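Peer 1:
2 protein chains.
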Amino acid sequence: MTATGLTLLSRAAEPRSVSRLAASAAAVDGGVMSNQEVLAWLDGRRRAHAHRVERVPFAALRDWAFDERTGDLRHASGRFFSVHGLRVRSDFGPVPAWSQPIIRQPEIGLLGIALRDFDGVPHLLMQAKPEPGNVNGVQLSPTVQATKSNYSRVHGGSAVPYLRLFRRSDPRSVVADVLQSEQGSWFLHKCNRNMIVEVGPEAEAGEDFAWLTLGQVNALLRQDNLVNMDARTVLSCLPDWRRDGMRRALHADQEIRSWITRRRAEHEVEVVPVGLAEVAGWHRTADEVAHERALYFKVVAVDVSSDRREVPSWTQPLLEPYGTAVVALFVRRVDGVPHALLRARAEPGFHNVVELGPTVQCMPENYAHLPAAGQPPYLAEALIRAEGAGFDVVLSEEGGRFRNAQSRYLIIEVGDDFPDPPDDFCWVTPCQLDELLRYNHQVNVQARTLVAALRTL
Amino acid sequence: MTATGLTLLSRAAEPRSVSRLAASAAAVDGGVMSNQEVLAWLDGRRRAHAHRVERVPFAALRDWAFDERTGDLRHASGRFFSVHGLRVRSDFGPVPAWSQPIIRQPEIGLLGIALRDFDGVPHLLMQAKPEPGNVNGVQLSPTVQATKSNYSRVHGGSAVPYLRLFRRSDPRSVVADVLQSEQGSWFLHKCNRNMIVEVGPEAEAGEDFAWLTLGQVNALLRQDNLVNMDARTVLSCLPDWRRDGMRRALHADQEIRSWITRRRAEHEVEVVPVGLAEVAGWHRTADEVAHERALYFKVVAVDVSSDRREVPSWTQPLLEPYGTAVVALFVRRVDGVPHALLRARAEPGFHNVVELGPTVQCMPENYAHLPAAGQPPYLAEALIRAEGAGFDVVLSEEGGRFRNAQSRYLIIEVGDDFPDPPDDFCWVTPCQLDELLRYNHQVNVQARTLVAALRTL
Numbered sequence: 001m002t003a004t005g006l007t008l009l010s011r012a013a014e015p016r017s018v019s020r021l022a023a024s025a026a027a028v029d030g031g032v033m034s035n036q037e038v039l040a041w042l043d044g045r046r047r048a049h050a051h052r053v054e055r056v057p058f059a060a061l062r063d064w065a066f067d068e069r070t071g072d073l074r075h076a077s078g079r080f081f082s083v084h085g086l087r088v089r090s091d092f093g094p095v096p097a098w099s100q101p102i103i104r105q106p107e108i109g110l111l112g113i114a115l116r117d118f119d120g121v122p123h124l125l126m127q128a129k130p131e132p133g134n135v136n137g138v139q140l141s142p143t144v145q146a147t148k149s150n151y152s153r154v155h156g157g158s159a160v161p162y163l164r165l166f167r168r169s170d171p172r173s174v175v176a177d178v179l180q181s182e183q184g185s186w187f188l189h190k191c192n193r194n195m196i197v198e199v200g201p202e203a204e205a206g207e208d209f210a211w212l213t214l215g216q217v218n219a220l221l222r223q224d225n226l227v228n229m230d231a232r233t234v235l236s237c238l239p240d241w242r243r244d245g246m247r248r249a250l251h252a253d254q255e256i257r258s259w260i261t262r263r264r265a266e267h268e269v270e271v272v273p274v275g276l277a278e279v280a281g282w283h284r285t286a287d288e289v290a291h292e293r294a295l296y297f298k299v300v301a302v303d304v305s306s307d308r309r310e311v312p313s314w315t316q317p318l319l320e321p322y323g324t325a326v327v328a329l330f331v332r333r334v335d336g337v338p339h340a341l342l343r344a345r346a347e348p349g350f351h352n353v354v355e356l357g358p359t360v361q362c363m364p365e366n367y368a369h370l371p372a373a374g375q376p377p378y379l380a381e382a383l384i385r386a387e388g389a390g391f392d393v394v395l396s397e398e399g400g401r402f403r404n405a406q407s408r409y410l411i412i413e414v415g416d417d418f419p420d421p422p423d424d425f426c427w428v429t430p431c432q433l434d435e436l437l438r439y440n441h442q443v444n445v446q447a448r449t450l451v452a453a454l455r456t457l
Numbered sequence: 001m002t003a004t005g006l007t008l009l010s011r012a013a014e015p016r017s018v019s020r021l022a023a024s025a026a027a028v029d030g031g032v033m034s035n036q037e038v039l040a041w042l043d044g045r046r047r048a049h050a051h052r053v054e055r056v057p058f059a060a061l062r063d064w065a066f067d068e069r070t071g072d073l074r075h076a077s078g079r080f081f082s083v084h085g086l087r088v089r090s091d092f093g094p095v096p097a098w099s100q101p102i103i104r105q106p107e108i109g110l111l112g113i114a115l116r117d118f119d120g121v122p123h124l125l126m127q128a129k130p131e132p133g134n135v136n137g138v139q140l141s142p143t144v145q146a147t148k149s150n151y152s153r154v155h156g157g158s159a160v161p162y163l164r165l166f167r168r169s170d171p172r173s174v175v176a177d178v179l180q181s182e183q184g185s186w187f188l189h190k191c192n193r194n195m196i197v198e199v200g201p202e203a204e205a206g207e208d209f210a211w212l213t214l215g216q217v218n219a220l221l222r223q224d225n226l227v228n229m230d231a232r233t234v235l236s237c238l239p240d241w242r243r244d245g246m247r248r249a250l251h252a253d254q255e256i257r258s259w260i261t262r263r264r265a266e267h268e269v270e271v272v273p274v275g276l277a278e279v280a281g282w283h284r285t286a287d288e289v290a291h292e293r294a295l296y297f298k299v300v301a302v303d304v305s306s307d308r309r310e311v312p313s314w315t316q317p318l319l320e321p322y323g324t325a326v327v328a329l330f331v332r333r334v335d336g337v338p339h340a341l342l343r344a345r346a347e348p349g350f351h352n353v354v355e356l357g358p359t360v361q362c363m364p365e366n367y368a369h370l371p372a373a374g375q376p377p378y379l380a381e382a383l384i385r386a387e388g389a390g391f392d393v394v395l396s397e398e399g400g401r402f403r404n405a406q407s408r409y410l411i412i413e414v415g416d417d418f419p420d421p422p423d424d425f426c427w428v429t430p431c432q433l434d435e436l437l438r439y440n441h442q443v444n445v446q447a448r449t450l451v452a453a454l455r456t457l
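So the protein lines, in turn, are chains A and B.
Under UniProt numbering, think of the first position of the first sequence as 1, with each following residue one higher.
Under UniProt numbering, think of the first position of the second sequence as 1, with each following residue one higher.
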């Protein structure tokens, strides 16, 4: 990397806009677009991107097929993603061994939000983007949301707008740039590059794009199924604009790092890739690959089309969960400093065995057949306390891979008398999370949504 | 994790001994044992641990065998490690595709050094440990150097001394605790937990152990083949005791993290496990698995025995490189602040594609058949400048897996007029390395040795 001359910088130097994020968060309306204009723009984009998504049998998939030998579901080009099987032995959670289908997508995609000053207030360039798995078509997405197949044009489609802002960015204008994992129960080793880059006035919003203040985005995040997963994970990587004076915590940073290391070293998770046809307890019909007890999720196929000639139609598989997940974060104030109860979770698809997840993260139906001791810790308590939650919003997981995958995200304040948690759990301050989020694979995607949510309170 | 009451700590809180590391580094003699006593102790331990290591044909291995189907070399118990094949496609380095044998050892081992105050000066509990692959039998090792097979007693051997100090440590006495990779060209996804723990007066040195000051260990590190690889990697995870006033750098911390992320996202490395018998260009004889051009390394078998009845004899495979590696770090001062030239290296066995390595890291013989453009960058320059190097020591890689694996470690000071390096390289300060070393898989094992070496200058 080329140094700009031989000038020493402060090691903590950041792009100028970072110091003005608080002003952007305080701007809850106005800016480039009023809130009313934003809603009208989103409505317009919904109409413009109206499309049909229909369940079809696997036989109707074009360019996708099950491998004759392994049963794996793949694209003819070998790109995009594929569905394989996984045999798992794990000491995390109540079930010691199982098999399951899993999505493999080895390429590292790019999720990026451009940041530009308008009258000294940083605005985020957000995109109205349709995805076939979304319950409601269009959601608010990052400036760029591209797989490597996208941006290397495997589709033969058009170039990804704004990609150049991220791939050719000046190193000193990069606010955040970190690899983060996605759902470790559904993806094997999936990760995306999460970027936030400060740009100049040459970046203008196309018709699918809008410059919004952080205050506006935060308000939209409190609406059901509006800010998509990719936007949420990038938002969580923004430096926390409320970090002043948060130099104290129940546990020193080194203690938290040591706790994560210990959990990584001590959890035993063995993951063996197998053919999709070999996955015990799952069966394939003409329409779906599903579990014999209709639990967890199923793999289905969809056909996506619209009435507009210029929009190509296509078919693809999607993973469709049964039920709505419950994803809750317990928060407690100690001497005025908020602490979130994180769990060191071992998910089979994680690169480094363990990442920090929310207090509760599960699909309750999947545990219904297990005895009380097999229920996820704090689930019952989260549901009881959900009524008074500070944040209670249903949000979608990535609609390009998951169909109707919704989670109820909760932030629940608990009292000082909260009993000491088991060793899998730890109280971590938002500033400590901020620090962990600068390094790859420390905080899982569900917890990242809750980090973004926490900053809206 | 249990909080000690509800008291907030400074997030930067560290065990008390960390503030006294400088005193320990300044104590170059004396302490618990004088330097003369240390040398006498090491001589005594060499005599006590005298053993024979003989090359034997594979057929003489006990409990190890080649799998009939895959050709993989495994232990009958399924534990310890195994030798497989790997097919690699990589855009790092001059060779775009190759196959090679690789060691697989999925368990996370523990490397730990205990730290104890004597008269207010922290001392490190070092071990005199024999390994079959060492050129000289006994080397100076960490307090604990144990695979999970070791400490879960798969050997049926005796308990690992001092293990309890690390596995049952008080979270607030942990100085460092991080997962670090090992040789990514020889190991697939190998990593060890590197720990430094402050202990009390209850920890006493057994006959294979000695309490040494950091100053004494640093002096020993400047002797050929004395401080082993496991000790060096743990030492590199000690907080840098010279970190005061080092808040400036050519690149802000965020720039360095972004550079690593970019390299991870952009390097294309595809690694496909294959059977050892399928590795193209390599052949197996009765005595070795070797490359057809006698390059890189070979897999051999050894029989280890001694004349003392109480010491069990055993056989095992070892990986034996051809030649001595050159591992060099270029260092340049900018405005009084030292900067090391690190390279973002993609090695096939890395968990996260890329880690920071030294300026030069190679076995020159392996490149002799390639044209000038295929030679490793800065190799020629390192060899020319080696004469005046500030650090020039031949050190061994881990003797439990590698036979006669020696590397010439060099630290070479370069001038202010050093030309801008290619994009794979970046100038990083020792304090920035210190920060990166708190997180797993950022700095490779060769660079970690040089971090420890840099602190002896």
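Using N, Cα and C, we set each Cβ at its ideal position, and we do this for glycine too.
The structure displayed is predicted, hence computed values, not measured ones.
1) Report all residues from its chain with a CB closer than 7 Å to the CB of Arg168 (chain A); omit the five preceding and five following residues, and keep chain order.
2) Give me the residue from B:Pro377, B:Gln254, B:Ser258 with the minimum Cα distance to Asp420 (chain B).
3) I want to verify the contact list: residues of chain A whose CB lies under 8 Å from the CB of Leu179 (chain B), in sequence order.
4) Mind checking which residues open and close the beta strand (DSSP E) that includes Ala328 (chain A)?
5) Looking at the C-beta of His51 (chain B), does it have a partner C-beta in chain A at a distance below 8 Å?
6) Where do the ends of the alpha helix (DSSP H) carrying Ala48 (chain A) lie?
7) With 8 Å set as the bound, which would you pick, yes or no: does the beta-carbon of Pro171 (chain B) sit closer than that to a beta-carbon of chain A?
8) Could you list which residues in chain B have their beta carbon closer than 9 Å to that of Gln432 (chain A), in chain order?
9) Do Ala340 (chain B) and Leu235 (chain B) have their C-beta atoms within less than 8 Å of each other?
10) Just the chain A side, please: which residues come within less than 8 Å of Asn440 (chain B) by C-beta, in chain order?
11) Helix or strand or just coil, what does DSSP make of Val144 (chain B)?
12) Runs of 4 residues minimum, wholly inside the region 249–323 of chain A: which ones carry the alpha helix (DSSP H) assignment?
13) Mind checking the region 321–350 of chain A against chain B and listing, in chain order, the residues whose C-beta falls within less than 8 Å of any C-beta there?
14) Just mark His251 (chain B) as buried or exposed, buried being the case when its beta carbon has 16 or more other beta carbons within 10 Å.
15) Could you pull the start and end residues of the beta strand (DSSP E) that Phe209 (chain A) belongs to?
16) Going by the beta-carbon positions, is the gap between Val271 (chain A) and Val18 (chain A) smaller than 8 Å?
17) Starting from Val394 (chain A), follow its DSSP beta bridges and name the residues at the other end.
18) Nearest to Cys191 (chain A) by CA position, among A:Arg243, A:Glu131, A:Glu182, is which residue?
19) How many angstroms separate the CA atom of residue 458 (chain A) from the CA atom of Trp259 (chain A)?
20) Using a threshold of 8 Å, state whether the C-beta atoms of Ile108 (chain A) and Leu86 (chain A) are closer than that.
21) Check whether the Cβ atoms of Arg402 (chain A) and Gly137 (chain A) lie closer than 8 Å to each other.
22) What does the alpha-carbon distance come out to for the pair Gly275 (chain B) and Gly93 (chain B)?
23) Assign residue 458 (chain B) to one of three DSSP states: helix, strand, or coil.
24) So which of B:Ala405, B:Val326, B:Phe418, B:Gly336 has the shortest CA-CA distance to Gln375 (chain B)?
25) Compare the beta carbon distance of Val144 (chain A) and Leu115 (chain A) with 8 Å and say whether it is the shorter of the two.
26) Roughly how many angstroms lie between the CA atoms of Gly5 (chain A) and Pro338 (chain B), to the nearest whole one?
27) Can the beta-carbon of Asn218 (chain B) be found closer than 8 Å to that of Thr456 (chain B)?
28) Do Ala60 (chain B) and Asp424 (chain B) count as a contact pair if the criterion is CB distance below 8 Å?
29) Which residues in chain B have a C-beta closer than 9 Å to the C-beta of Arg247 (chain A)? List them in chain order.
30) For Arg243 (chain A), which of helix, strand or coil comes out of DSSP?
31) Near Phe166 (chain A), which residues of its chain fall below 7 Å by C-beta distance, leaving aside the five closest residues on each side in sequence?
32) How is Ala176 (chain B) classed by DSSP in three states: helix, strand or coil?
33) Please work out which residues of its chain come closer than 6 Å, Cβ to Cβ, to Glu131 (chain B), disregarding the five sequence neighbours upstream and downstream, and give them in chain order.
34) When the Cβ atoms of the region 377–387 of chain A are set against those of the region 207–214 of chain A, are three or more pairs found closer than 8 Å?
35) So the candidates are B:Asp230, B:Pro371, B:Ala277, B:Ala25; which of them puts its Cα closest to the Cα of Glu68 (chain B)?
36) Contact defined as beta carbons within less than 8 Å: I believe Leu436 (chain A) pairs with Leu238 (chain A). What is the distance between those atoms, to the nearest angstrom?
Peer 2: Walking through what the data contain:
1) Locating residue 168 (chain A) in the first sequence gives position 168, counting from the first residue. Within the same chain, Arg168 (chain A) has no close Cβ partners at all.
2) The residue given as residue 420 (chain B) occupies position 420 in the second sequence. Ranking B:Pro377, B:Gln254, B:Ser258 by Cα distance to Asp420 (chain B) puts B:Pro377 first.
3) Taking the first residue of the second sequence as 1, we reach residue 179 (chain B) at position 179. Thr261, Arg264, Ala265, Asn352, listed in chain order.
4) As a working mapping, residue 328 (chain A) is identified with position 328 in the first sequence. Start and end: 325–334.
5) As a working mapping, residue 51 (chain B) is identified with position 51 in the second sequence. False, the Cβ-Cβ gap to chain A never drops below 8 Å.
6) For the purposes of this step, residue 48 (chain A) is identified with residue 48 of the first sequence, where counting begins at 1. That run of the alpha helix (DSSP H) goes 35–48.
7) Translated into the one-based positions of the second sequence, residue 171 (chain B) becomes position 171. So yes, Pro171 (chain B) belongs to the interface.
8) Taking the first residue of the first sequence as position 1, residue 432 (chain A) is located at position 432. Chain B residues near Gln432 (chain A): Arg11.
9) Within the second sequence, numbered from 1, the residue matching residue 340 (chain B) stands at position 340. Within the second sequence, numbered from 1, the residue matching residue 235 (chain B) stands at position 235. No, they are not a contact pair.
10) Within the second sequence, numbered from 1, the residue matching residue 440 (chain B) stands at position 440. Going along chain A in sequence order, the residues near Asn440 (chain B) (Cβ under 8 Å) are Thr261, Arg264, Asn352.
11) Numbered from 1 along the second sequence, position 144 holds the residue referred to as residue 144 (chain B). Of the three classes helix, strand and coil, the one that applies to Val144 (chain B) here is strand, per DSSP.
12) 253–266
13) Val334, Asp335, Val337
14) As a first step, residue 251 (chain B) must be located in the second sequence, where it is residue number 251. With 16 or more other Cβ atoms within 10 Å, it is buried.
15) In the first sequence, the residue the question calls residue 209 (chain A) occupies position 209. 209–213 is the span of the beta strand (DSSP E), which, as asked, contains Phe209 (chain A).
16) Start at 1 with the first residue of the first sequence, and residue 271 (chain A) comes out as number 271. Start at 1 with the first residue of the first sequence, and residue 18 (chain A) comes out as number 18. Result no, Cβ atoms of Val271 (chain A) and Val18 (chain A) do not sit closer than 8 Å.
17) Start at 1 with the first residue of the first sequence, and residue 394 (chain A) comes out as number 394. Beta-bridge pairing links Val394 (chain A) to A:Arg408.
18) Here residue 191 (chain A) refers to the residue found at position 191 when the first sequence is read from its first residue. It is A:Glu182.
19) Chain A is shown from 1 up to 457; residue 458 (chain A) falls before or after that span and cannot be answered.
20) Looking up residue 108 (chain A) in the first sequence gives position 108. Looking up residue 86 (chain A) in the first sequence gives position 86. Going by C-beta atoms, Ile108 (chain A) is not nearer than 8 Å to Leu86 (chain A).
21) By 1-based counting over the first sequence, the position of residue 402 (chain A) is 402. By 1-based counting over the first sequence, the position of residue 137 (chain A) is 137. Contrary to the premise, residue 402 (chain A) reads as Phe rather than Arg in this sequence. Result no, Cβ atoms of Phe402 (chain A) and Gly137 (chain A) do not sit closer than 8 Å.
22) Numbered from 1 along the second sequence, position 275 holds the residue referred to as residue 275 (chain B). Numbered from 1 along the second sequence, position 93 holds the residue referred to as residue 93 (chain B). If you take the alpha carbons of Gly275 (chain B) and Gly93 (chain B), they lie about 24 Å apart.
23) Limits of chain B in this structure are 1 at one end and 457 at the other, which puts residue 458 (chain B) out of reach.
24) Translated into the one-based positions of the second sequence, residue 375 (chain B) becomes position 375. For the residues B:Ala405, B:Val326, B:Phe418, B:Gly336, the minimum Cα distance to Gln375 (chain B) belongs to B:Val326.
25) Along the first sequence, one-based indexing puts residue 144 (chain A) at 144. Along the first sequence, one-based indexing puts residue 115 (chain A) at 115. Cβ atoms of Val144 (chain A) and Leu115 (chain A): not closer than 8 Å.
26) Residue mapping note: residue 5 (chain A) aligns to position 5 of the first sequence, counting from 1. Residue mapping note: residue 338 (chain B) aligns to position 338 of the second sequence, counting from 1. Cα-Cα distance, rounded: 16 Å.
27) On the second sequence, position 218 is the one that residue 218 (chain B) refers to. On the second sequence, position 456 is the one that residue 456 (chain B) refers to. A contact, by the Cβ cut-off of 8 Å.
28) Indexing the second sequence from 1 puts residue 424 (chain B) at position 424. Indexing the second sequence from 1 puts residue 60 (chain B) at position 60. Contact: no.
29) Position 247 of the first sequence, counted from the start, is the residue given in the question as residue 247 (chain A). Ser10, Arg11, Ala12, listed in chain order.
30) Mapped onto the first sequence, residue 243 (chain A) falls at position 243. Coil, per DSSP.
31) As a working note, residue 166 (chain A) is residue 166 in the first sequence. Answer for Phe166 (chain A): Leu110, Gly112, Val144, Met195, Val197, listed in chain order.
32) One-based indexing of the second sequence puts residue 176 (chain B) at position 176. Ala176 (chain B): strand per DSSP, three-state reduction.
33) In the second sequence, the residue the question calls residue 131 (chain B) occupies position 131. Cβ within range, chain order: Gly399, Gly400.
34) no
35) Here residue 68 (chain B) is taken as the residue at index 68 of the second sequence, counted from 1. Here the closest residue by C-alpha is B:Ala277.
36) Numbered from 1 along the first sequence, position 436 holds the residue referred to as residue 436 (chain A). Numbered from 1 along the first sequence, position 238 holds the residue referred to as residue 238 (chain A). Actually they are not in contact, since the Cβ atoms of Leu436 (chain A) and Leu238 (chain A) sit about 14 Å apart, beyond 8 Å.
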